[in-house]
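Single-structure report; data block below.
Residue numbers (my numbering): 6 to 145.
Below you can see the structure in the form of structure tokens.
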């Protein structure tokens, strides 16, 4: 009687046939296809990321750093001083000293007995001494 009572309770709930057996070939194939696509996508993304990382690392590794010692720029040359113009009227005239003739002593210029050397004659390519006397012989 217990079995009949349980069947009646299950029949009223709508689960007269019981739970589905759950082993269907279509579900297994579709689930396996999704898993395989996810793994392929993860492999492709991981491979591309690793390749990009290696390229960036090599680019930074091969790029030279800043030079060890950099010379500072030279300071700009100083600007020439502006000329100071004083009007002539405001300048006092210095008094003239007593009349004295400046005395100059003349120092004799050193005399040189050395004569400049005469200019050297430039050898010309057309001089007869450099032209070969017979064809096939070296000049001279």
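Even glycine gets a Cβ: it sits at the ideal position worked out from N, Cα and C. These numbers were taken from a predicted model, which means no experiment stands behind them.
Rounded straight-line distance, which links the Cα of residue j to that of residue i
i, j, result
"residue 28", "residue 34", "11 Å"
"residue 87", "residue 80", "20 Å"
"residue 36", "residue 47", "17 Å"
"residue 12", "residue 38", "39 Å"
"residue 63", "residue 70", "14 Å"
"residue 57", "residue 51", "10 Å"
"residue 101", "residue 91", "21 Å"
"residue 54", "residue 18", "54 Å"
Terminal residues of the alpha helix (DSSP H) in which residue i lies
i, result
"residue 89", "Counting along the chain, residue 89 falls outside any alpha helix (DSSP H), and DSSP gives it neither H nor E."
"residue 29", "Residue 29 -> no alpha helix (DSSP H), and no H or E assigned at all."
"residue 9", "7-18"
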